[in-house]
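Chemist:
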Amino acid sequence: MSAPTEQSIVAGGTEASPSGGARFAPRARTRAERRRRVRPTVLLSWIVIAVAVAWAIAPGVFAPADPVAGNAADALQAPGAAHWFGTDATGRDMYSRVVHGAIHSLSGALIAVSVGLVVGTVLGVVAGAVDGVVSEAIMRLVDVLLAIPQLLLMLSIIIILGFGTAQAAVAVGITSIAAFARLARSEVVRVRRSDYVEAAYASGGRRVAVLVRHVLPNSLTAVVALAALQFGTAILLISTLGFLGYGAPPPTPEWGLMIAEGRNYVATSWWLTTLPGLVVVAVVISANRISSALNDRDRR
Amino acid sequence: MRYVLGRVAQAALVLLIAFTAAFVLLQAMPGDAIMIKFQNPELGLSPEQIARIRESYGADVPLVAQYGHTLLGFLGGDFGYSVVSGTPVSRLIADALPNTLVLALSGFVLAVVVAVALAVTATLSRFAWLGTALRALPSLFVSVPVFWLGIMLVQLFSFQLGLVSVINPGPIEGLILPVLTLAVPISAPLAQILLRSFDEIGAQPFVAVVRARGAGAGWVLGRNVLRNALLPTLTMAGLLFGELIGGAVVTETVFGRAGIGRITEQAVSQQDTPVLQAVVLLSALVFVVINLVVDLLYPVLDPRLRSTVRGRKAVSA
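Going line by line, the protein sequences match chains L and F. The opening position of the first sequence corresponds to residue 1 in the UniProt record's numbering, with each subsequent residue numbered one higher. The opening position of the second sequence corresponds to residue 1 in the UniProt record's numbering, with each subsequent residue numbered one higher.
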């Protein structure tokens, strides 16, 4: 099956390849040249992520208005000086809700990536380090995880675990286990074949010691790059689950849920769906841009 | 031949593990869907009545017997009954399938057209800025939540511009916005792999030879590069199928269309495990078959692989 590279293709890709002008002729940049060029899109992405993290840590500083209790007299006001993102049908300030919602998306994505990273890497390292039945069994399990479409796999986990923010995050994390496991395994297998590992064994290193001292540190760089990439994907998937109603329960200012709630007012109050969605897009693009920049630097 | 049989056996094994995992997680657990539905005190059912209901769903026999029975049922196309409505799951799916097939096929065709057009224009464009802008587009497409995109399209085309009606639209009119919504997330990975293979193949010596003999960029792309780029694109087929299924769930929910996606969404909301189980396992089956076909087709399409797979046989002959 064909899945190991697809994640990196989906979100990273285009920056690593030579652009239109230098068609069919990749050009190597020197180290100094790279350092001089701080790419503006990467800088902007870091700013967006920094703002989102600041919203998550101290929402009250950025948006003093209450995200849950509304003032009915202010219902459905268009964006303006008093309410930057307008107000919803119960008069809640949308900007405040978006700011307070950051913690749900970011912490959810963090849980999801941790689950995928830890479980997937452990499975992959074991499958790469031992040969035989155990390795075979792990890889068949990974095949099964890959065979089920991502959204359906998440829904199967949610139907078992129940609805909620943490459950949705874990479900998203489980869908990324397969990608982490395959990458970790292929990296471990690659490093195991290298000369310095042979040398470590030859100079009397024990199996586990060599694995921990030499193989792991050299195989996990790519895994960390994948984790950065999964972060953006996780935010996207968590908002999708929130939209479908399987994530946080209603008064919570979760981004996907907010868009779902604004859907009934789409004909009259565009801001209820448009503005939270733009925030999601901005955060996801930034996370993807940063991970592809990290990947580039790693590769050259 | 041995290679083919090995691949088929491996595919069957993956499906069996998937079925077993689904059975263990969804059916063997205590507090199954039947109990959740009928133990509700408001229904006022006595324990004997619940036991009879469990019997009619086949939930009272030992697990091993249940496992064998369910497996045989699945092999014969019998997926059990929906816990919520009591209809056979196979009929629910058969009724919903045509709608989803129309949506998914149109979305897929549009996505291919968009992706090829984007990749070709970006590669051949004489203006560097246009190439750069087009190359950034797939990254944007994958970052947009599908459900939000659908709502934005409705807002723009139905309410602002009044071009497409969402209230009682005709069959074709009602398909326009869902297909657009579905095509965007499918076209992004396609365009990215096309762009990447265009660049990689374009850098190979044989392309330089063709160029040196006087062929233009368009000629090379159409005759040499595009044909070679089809192979890596083919490996995406399984992934794209998964995206189509996921996209259908979201798109059908946003636009309120009947179909497999809508059934799935409702099954999760109502804890209707048999329906979800059938949808999941059928999708896994299609995914595994697609990848099997791709794997077997690969050596047929690429002569270089043919020689490695059949190399041993050729030597012995």
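Cβ atoms here follow ideal geometry from the backbone N, Cα and C, with glycine treated the same way.
Along chain L, which residues have their Cβ under 9 Å away from the Cβ of F/Q155?
Modeler: V266, A267, W270, T273 and T274, listed in chain order.
Chemist: Going by DSSP in three states, F/Y81 sits in which element: helix, strand or coil?
Modeler: Strand.
Chemist: When the Cα of L/E187 is compared with those of L/F231, L/V51, L/L216 and L/L155, which residue comes out closest?
Modeler: Ranking the options by Cα distance to L/E187, first place goes to L/L216.
Chemist: Could you check which residue in F/A22, F/V279 and F/T123 has the C-alpha nearest to that of F/G218?
Modeler: With distances taken between Cα atoms, F/G218 lies closest to F/T123.
Chemist: According to DSSP, is F/A18 part of a helix, a strand, or is it coil?
Modeler: F/A18: helix per DSSP, three-state reduction.
Chemist: Less than 8 Å separating the beta-carbons of L/G232 and L/A287?
Modeler: Yes. Within cutoff.
Chemist: Is L/P217 helix, strand or coil when you go by DSSP?
Modeler: DSSP places L/P217 in helix when its eight states are reduced to three.
Chemist: What does a CB cutoff of less than 6 Å around L/R23 pick up in its chain, not counting 5 residues either side in sequence?
Modeler: For L/R23, the pLDDT reaches just 46, beneath the cut-off of 50, and the residue's location in the model is therefore unreliable, leaving the point undetermined.
Chemist: By the three-class DSSP mapping on this structure, what secondary structure does L/A166 have?
Modeler: L/A166: helix per DSSP, three-state reduction.
Chemist: Is F/I201 near F/A96, with beta carbons less than 8 Å apart?
Modeler: Result no, Cβ atoms of F/I201 and F/A96 do not sit closer than 8 Å.
Chemist: Verify the CB distance criterion: does L/I158 have a CB-CB separation below 8 Å to chain F?
Modeler: Closer than 8 Å: yes.
Chemist: For a cutoff of 8 Å on Cβ pairs, would you count L/G277 as touching chain F?
Modeler: Judged by the 8 Å Cβ criterion, L/G277 is in contact with chain F.
Chemist: Which value, in whole angstroms, describes the spacing of the CA atoms of F/F255 and F/A215?
Modeler: Distance between the alpha carbons of F/F255 and F/A215: 48 Å.
Chemist: Using the Cβ count rule (16 or more neighbours within 10 Å means buried), how would you classify F/A314?
Modeler: Per-residue confidence for F/A314 stands at a pLDDT of 43, beneath the threshold of 50, marking its modelled position as unreliable; the derived number appears in the next sentence. Exposed, since its Cβ has fewer than 16 Cβ neighbours within 10 Å.
Chemist: By the 10 Å Cβ neighbour count, where 16 or more other Cβ atoms means buried, how is F/P205 classified, buried or exposed?
Modeler: When all chains shown are included, F/P205 counts as exposed.
Chemist: Drop a sphere of 10 angstroms on the beta-carbon of L/N264, count the other beta-carbons inside from all chains shown, and report buried for 16 or more, exposed for fewer.
Modeler: Classification of L/N264: exposed, given that the 10 Å Cβ count is below 16.
Chemist: Identify every residue that forms a DSSP beta bridge with F/P88.
Modeler: F/Y81, per the DSSP bridge assignment.
Chemist: Under the three-state reduction of DSSP, which class applies to L/D74: helix, strand or coil?
Modeler: If DSSP states are grouped into helix, strand and coil, L/D74 belongs with the helices.
Chemist: Quick check: the region 141 to 148 of chain F against the region 239 to 255 of chain L, are at least 3 beta-carbon pairs closer than 8 Å?
Modeler: Enough Cβ pairs lie closer than 8 Å, so yes.
Chemist: Would you decide whether F/L63 is buried or exposed? Buried here means 16 or more other CB atoms lie within 10 Å of its CB.
Modeler: F/L63 should be labelled exposed.
Chemist: Buried or exposed for L/I103, please, with buried defined as at least 16 other CB atoms from any protein chain shown within 10 angstroms of its CB.
Modeler: The residue in question, L/I103, is buried, as its Cβ has 16 or more Cβ neighbours within 10 Å.
Chemist: Cβ closer than 7 Å: which chain F residues qualify as neighbours of L/G143?
Modeler: For the sequence presented, residue 143 of chain L should be read as Asp rather than Gly. Going along chain F in sequence order, the residues near L/D143 (Cβ under 7 Å) are V14.
Chemist: Going by alpha carbons, who is nearest to L/Q150 out of F/V249, F/L26 and F/Q266?
Modeler: The shortest C-alpha separation from L/Q150 is found at F/V249.
Chemist: Taking the continuous alpha helix (DSSP H) assigned at L/G270, which residues delimit it?
Modeler: Residue 270 of chain L is actually Trp in this sequence, not Gly. L/W270 -> no alpha helix (DSSP H), and no H or E assigned at all.
Chemist: Determine, using beta carbons only, whether L/I290 and L/A228 come nearer to each other than 8 Å.
Modeler: Yes; because the gap between Cβ atoms is below 8 Å, this pair is in contact.
Chemist: CA-CA distance, L/R182 and L/L220?
Modeler: Those two C-alpha atoms are separated by around 12 Å.
Chemist: Compute the beta-carbon to beta-carbon distance between F/A191 and F/L118, rounded to the nearest angstrom, for a pair I have assumed lies under 8 Å.
Modeler: Correct: roughly 5 Å between the Cβ atoms.
Chemist: Comparing alpha-carbon positions, which option in F/G242, F/A65, F/A12 and F/A267 lies nearest L/R140?
Modeler: Per the Cα distances, F/A12.
Chemist: By the criterion of Cβ-Cβ separation under 7 Å, what are the contact partners of F/S82 in chain L?
Modeler: Near F/S82 there are no residues of chain L at all, since even the closest Cβ is about 14 Å away, more than 7 Å.
Chemist: List, in order along the chain, the chain L residues whose C-beta lies closer than 9 Å to that of F/L231?
Modeler: Going along chain L, no residue has its Cβ under 9 Å from F/L231, so there is no contact; the nearest lies around 11 Å.
Chemist: L/A288 CB to nearest chain F CB: under 8 Å?
Modeler: Checking the sequence shown, residue 288 of chain L turns out to be Asn, not Ala. Output row for L/N288: interface = yes.
Chemist: Could you tell me which whole alpha helix (DSSP H) segments of length 4 or greater appear in the region 168 to 238 of chain F?
Modeler: Counting only runs of 4 or more, we get 173 to 202, 205 to 212, 217 to 220 and 226 to 234.
Chemist: Check whether the region 105 to 123 of chain L touches the region 204 to 211 of chain L, taking contact to mean three or more Cβ pairs, one atom from each stretch, closer than 8 Å.
Modeler: No, because fewer than three Cβ pairs between the region 105 to 123 of chain L and the region 204 to 211 of chain L fall closer than 8 Å, the two stretches do not touch.
Chemist: Among all the DSSP beta bridges, which residues are the ones paired with L/D93?
Modeler: L/T87, per the DSSP bridge assignment.
Chemist: Could you say if the region 265 to 279 of chain F and the region 218 to 228 of chain F meet the contact criterion of at least three C-beta pairs nearer than 8 Å?
Modeler: Not touching, per the Cβ criterion.
Chemist: Kindly say whether F/T70, judged by its beta-carbon, lies nearer than 8 Å to any beta-carbon of chain L.
Modeler: Output row for F/T70: interface = no.
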